[in-house]
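**Q** Position one of the sequence shown corresponds to residue 33 (our numbering), numbered consecutively onward.
The beta-carbon is built from N, C-alpha and C at its ideal position, and this holds for glycine as well.
Owing to the predicted nature of the structure, the values given are computational and were not obtained by experimental measurement.
Structure incoming, see below.
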Amino acid sequence: MTSKLTNGVTAGRLSSAALNANFTDLHAPYDGHEARVAADRCYFCHDAPCMTACPTSIDIPLFIRQIATGTPEAAARTILEQNILGGMCARVCPTETLCEEVCVREVAEGKPVEIGRLQRYATDTLMQKNAHPFVRAASTGKTVAVVGAGPAGLACAHRLAMLGHDVVIFEARAKSGGLNEFGIAAYKSTEDFAQREVDWLLRIGGIEVRHGQRLGQEITLQGLREDFDAVFLGMGLAGVNALRLDGADKDGIRPAVEFIADLRQADDLAKLPIGRRVVVVGGGMTAIDAGVQAKLLGAEEVTIVYRRGKDAMAASEFEQDLAAQKGVRIIHNAAPVGVEGNGSLTAVRFAYTETVDRKLVTLDEGFTLAADQLFEAIGQSLAGVPEDLDVLGGKILVSETGLTSVKGVWAGGDCATGGDDLTVTAVAEGRDAAMDIHATLMGAAG
33 MTSKLTNGVT AGRLSSAALN ANFTDLHAPY DGHEARVAAD RCYFCHDAPC MTACPTSIDI
93 PLFIRQIATG TPEAAARTIL EQNILGGMCA RVCPTETLCE EVCVREVAEG KPVEIGRLQR
153 YATDTLMQKN AHPFVRAAST GKTVAVVGAG PAGLACAHRL AMLGHDVVIF EARAKSGGLN
213 EFGIAAYKST EDFAQREVDW LLRIGGIEVR HGQRLGQEIT LQGLREDFDA VFLGMGLAGV
273 NALRLDGADK DGIRPAVEFI ADLRQADDLA KLPIGRRVVV VGGGMTAIDA GVQAKLLGAE
333 EVTIVYRRGK DAMAASEFEQ DLAAQKGVRI IHNAAPVGVE GNGSLTAVRF AYTETVDRKL
393 VTLDEGFTLA ADQLFEAIGQ SLAGVPEDLD VLGGKILVSE TGLTSVKGVW AGGDCATGGD
453 DLTVTAVAEG RDAAMDIHAT LMGAAG
């Protein structure tokens with residue numbers, strides 16, 4: 033039985049059985065035999081290009097050799113020494129544009145070693161044994177505040193705790209995980225894996241998490257600097273860029289990140305409303321995740337519209353192909369210019385675009401798409417920057433080791449300059465900042 037909400041936006045378009053089938057694992061996990069067969073394809077390159085392409089510099093040939101020789105737990109430790117969120121990264125990392133793209137097998141044969149699935153096999157094997165491979169060092173007596181329990185904050189906190197520091201994580205939401213919990217397509221991380229990974233990570237000890245603590249409200253940077261020996265900012269990008277169109281306040285228009293978060297937190301997908309005709313504006317991973325999941329929820333027509341060409345899309349070619357396979361249409365070189373409807377959305381107007389001398393030019397010709405739901409996926413921004421922190425391009429300016437313009441304050445992940453907005457990059461930045469914080473604190477202690 034469906035429950036109509038407004039203008040064609042309805043819950044229960046598909047049965048619970050159909051929804052469960054649609055939102056199963058995107059890539060089925062390897063069993064032990066499959067993993068060893070896949071591992072045997074690796075050439076174990078001495079100067080492996082896959083390792084260079086990994087933002088966290090995991091020794092990929094080593095961990096694959098460990099799988100091939102029947103020691104997946106050792107392989108997991110090799111992974112987790114560099115990337116403590118290796119389990120999630122194995123699920124969501126765009127391996128097709130990183131390690132697997134440069135795999136010698138890919139270059140020679142067009143079929144890489146499936147590094148991501150092998151990484152998942154190793155880390156899942158270890159986690160299923162309820163084991164934590166690291167032990168805390170003796171207490172240093174130093175305390176560090178970490179703002180944000182997302183990938184950067186968790187990676188930073190774990191490394192600091194492992195080195196003997198006491199860490200308090202301040203998280204604005206009611207649950208930890210950040211992007212991994214709220215911002216990734218549900219078919220990429222099933223069975224509540226994000227929370228299980230957080231719980232496993234915290235077993236290192238020495239980390240306290242306080243939820244409902246937002247920087248600038250319940251806590252301040254000045255207060256944290258006074259109460260702790262160092263501060264790491266990893267709060268991500270909480271602000272959402274909105275379409276500046278007349279009538280953009282109509283019912284049926286909302287940020288794609290809100291839709292994805294609602295879906296990830298839904299106890300029953302059959303109760304989640306979706307339109308009959310859905311339009312997504314944007315060209316990144318969020319746009320693809322929103323479009324594909326709208327289709328999987330039962331939307332009849334889903335169209336992603338991006339203002340530039342296919343090659344300019346931030347979403348990988350694999351993700352674009354996945355959308356097409358799921359029945360999502362992608363239109364390039366078009367930008368929204370208006371919305372129609374009396375109270376509720378009925379259509380979105382677009383103008384064609386072209387790039388002239390690297391500048392986007394809007395043409396007079398255009399088209400209209402019927403729509404009862406529009407998801408905005410045109411980027412996010414920093415919700416607020418504490419005073420005294422230098423900013424570049426809307427993000428906190430940091431050094432190579434994550435140090436900000438304020439003494440004793442580091443930053444990493446999406447809120448900081450330095451890398452692309454990927455989970456694996458955020459982990460690397462959190463880890464590296466932790467090492468610099470440790471060196472600074474212990475140097476000060478000496």
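1) Pick from Arg-149, Gly-341 and Gly-102: whose alpha carbon is nearest that of Lys-391?
2) Could you please give me the residues that DSSP links to Ile-90 through a beta bridge?
3) For Gln-249, does the three-state DSSP call read helix, strand or coil?
4) For Asn-374, count neighbouring C-beta atoms within 10 Å of its own C-beta (all shown protein chains included) and say buried if the count is 16 or more, exposed if not.
5) Distance, Cα to Cα, Arg-149 vs Ile-116?
6) Residues in its own chain within less than 6 Å of Gln-405 by CB, not counting five upstream and five downstream?
7) Let me confirm a value: Cys-447 is counted as buried when at least 16 other C-beta atoms fall within 10 Å, else exposed. Which label applies?
8) Quick one: complete beta strand (DSSP E) runs, 3+ long, within the region 93-152?
9) Distance check for Glu-138 and Ile-96, CA to CA, integer angstroms please.
10) Three or more beta-carbon pairs under 8 Å between the region 337-357 and the region 113-129, yes or no?
11) What residue range does the beta strand (DSSP E) around Thr-19 cover?
12) Spatial neighbours of Val-334 within its chain, please: C-beta separation below 6 Å, excluding the five flanking residues on both sides.
13) What is the DSSP secondary structure of Gly-478, counted as helix, strand or coil?
14) With 16 other CB atoms within 10 Å as the buried threshold, where does Gly-142 fall?
15) So is Asn-162 buried or exposed if we call it buried at 16+ other beta carbons inside 10 Å?
16) By the 10 Å Cβ neighbour count, where 16 or more other Cβ atoms means buried, how is Gln-114 classified, buried or exposed?
17) Starting from the N-terminal side, write out each stretch of the alpha helix (DSSP H) that is 4 residues or longer and does not extend beyond the region 204-258.
18) If you measure between the beta carbons of Gly-268 and Leu-329, is that distance less than 8 Å?
19) The beta strand (DSSP E) spanning Glu-372 covers which residue range?
20) Looking at the unbroken alpha helix (DSSP H) that takes in Ala-347, where does it start and where does it end?
21) Can you tell me which of the three DSSP states Val-179 falls into?
22) By Cβ distance, which residues of its chain are closer than 8 Å to Ala-379, with the 5 residues on each side in sequence left out?
23) In whole angstroms, what separates the C-alpha of Ile-147 from that of Gly-451?
24) Measure the alpha-carbon distance for Tyr-338 versus Phe-407 and round it to whole angstroms.
25) Can you tell me which of Thr-449, Gly-209 and Ala-70 puts its alpha carbon nearest to the alpha carbon of Asp-231?
26) Can you list, in chain order, the residues of its chain with a C-beta nearer than 6 Å to that of Tyr-62? Leave out the 5 residues immediately preceding and following it.
27) Give me whichever residues DSSP pairs with Val-310 in a beta bridge.
28) What's the gap between the Cα of Ala-108 and the Cα of Gly-64?
29) Within 10 angstroms of the Cβ of Phe-89, are there 16 or more other Cβ atoms? Answer buried if so, exposed if not.
30) Going by beta-carbon coordinates alone, are Val-124 and Ile-216 separated by less than 8 Å?
31) Would the region 432-446 and the region 278-292 be scored as touching if the rule is three or more Cβ pairs under 8 Å?
32) Any idea what DSSP makes of Asp-79, helix, strand or coil?
33) Rank Leu-301, Ala-262 and Val-167 by C-alpha distance to the C-alpha of Ala-193 and give the top, closest one.
34) In three-state DSSP terms, what is Leu-37?
35) Residues in the same chain with beta-carbon distance under 7 Å from Cys-77, minus the five sequence neighbours each way, listed in chain order, please.
36) Is it true that the CB of Leu-414 sits closer than 8 Å to the CB of Val-438?
**A** If we stick to the structure as given:
1) Gly-341
2) None; Ile-90 has no bridge partner.
3) coil
4) exposed
5) 16 Å
6) Setting aside the 5 residues that flank it on each side, Gln-405 is surrounded in the same chain by Val-41, Gly-284, Gly-307 and Val-310, each with a C-beta closer than 6 Å to its C-beta; the list follows chain order.
7) buried
8) none
9) 16 Å
10) yes
11) With the chain covering only 33 through 478, there is no way to say anything about residue 19.
12) Val-310, Gly-323, Ala-326, Lys-327 and Val-360
13) Legend: pLDDT at Gly-478 = 47, less than 50; position of this residue unreliable, value from coordinates given subsequently. The answer is coil: DSSP assigns Gly-478 none of H, G, I, E or B.
14) exposed
15) exposed
16) By the neighbour-count rule (16 or more Cβ atoms within 10 Å), Gln-114 is buried.
17) 211-214 and 225-233
18) no
19) 366-372
20) Per DSSP, Ala-347 belongs to no alpha helix (DSSP H) and is neither H nor E.
21) strand
22) Val-371, Glu-372, Gly-373, Thr-400, Leu-401, Ala-402 and Ala-403
23) 22 Å
24) 12 Å
25) Gly-209
26) Only Arg-149 and Tyr-153 meet the Cβ criterion.
27) Val-334 and Gln-405
28) 14 Å
29) Correcting the residue type first, residue 89 is Ser in the shown sequence and not Phe. With a 10 Å radius around the Cβ and a threshold of 16 neighbouring Cβ atoms, Ser-89 comes out exposed.
30) yes
31) The region 432-446, when compared against the region 278-292, does not touch it at the 8 Å Cβ threshold.
32) Asp-79: coil per DSSP, three-state reduction.
33) Val-167
34) With a pLDDT of 48 at Leu-37, under the threshold of 50, the modelled position of this residue cannot be trusted; read the value that follows with caution. Leu-37 falls in the strand class under three-state DSSP.
35) Pro-93 and Val-136
36) no
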